[in-house]
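Novice:
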Amino acid sequence: RWSACAALLCAVGLTFAAWHHGCWHLFDGQEIGTRTTLDVRPMCLEGVAIDNVRWRPAPKEDPLRVVPQGDTCRLRVRVTAVRDGDDWLPASGKAMLTIDGHLLGVRAGDRVRILALVHRVPPAQNPGEFDAAYSERVDRQLVRLSAVSPDCVTLVRSGSRFHPRRLLSELRAACNEQLWKQIHPERAGLAAGLLVGSRGQIEYA
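Right under this line is the structure:
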């Protein structure tokens, strides 16, 4: 009996080890991360919005900040194709898209075309520093996208109105909007992070 239990526990452990190895090391041959490096390069691609657009208000004025920063938006996308000249090549992978300004009219499940700057997520450079590459790889995101304007994102086809993530994101956005209306701006970001999960606004509260 003890031998059978030990064999079962060993099998379960090996199964989870194999699952972890696959999630961490094994990616599709068309993964967008295999086509990029730490150097920033422009790229035109298509993908499907995983969540609704999340708005991030501009940070407070800082005399040490050389370049002023305004409002930005963030959108997680699942890449489906990359343009190579006049051809569209199949691609895969998830990425976080940051847009300067306010992106309107894009919701979870929508197919979009993006003209963005692409680069691999850089690893930590100093001991004890937050390792963004490790953190995002946990979610199987190897690259980041950035667009200088909402005009760089074009809606190709709208998704279903009953997409589960779309409904959840719209509920979160409605609650977030009410929090910012009802609570003082200095505390609204923290409230939104605690109550509806909009953690990207906490640092600006």
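Remember, the numbering used here sits 768 above the position in the sequence shown when you count from 1. For glycine and all other residues, C-beta sits at the position ideal for the given N, C-alpha and C. These numbers come from a predicted model, not from an experiment.
#1: How many angstroms separate the CA atom of Val847 from the CA atom of Glu954?
#2: What does DSSP give as the partner residues of Gly815 in its beta bridges?
#3: Taking its Cβ as the centre, do 16 or more other Cβ atoms sit within 10 Å of Lys862, making it buried, or is it exposed?
#4: How long is the line joining the alpha carbons of Glu904 and Ser771, rounded to whole angstroms?
#5: Tell me, to the nearest whole angstrom, how far the beta carbon of Asp878 is from that of Gly927; I am working on the premise that it is less than 8 Å.
#6: Less than 8 Å between the CB atoms is what I'm expecting for Arg881 and Thr840, so what's the real figure, rounded?
#7: Using the C-alpha atoms, what's the distance from Trp948 back to Arg809?
#8: Among Leu813, Leu806, Arg844, Ala884, which one has its Cα closest to the Cα of Arg908?
Specialist: Walking through what the data contain:
#1: 36 Å
#2: Val847, Val880
#3: buried
#4: 40 Å
#5: 5 Å
#6: Arg881 to Thr840, Cβ: 20 Å. No contact.
#7: 36 Å
#8: Arg844
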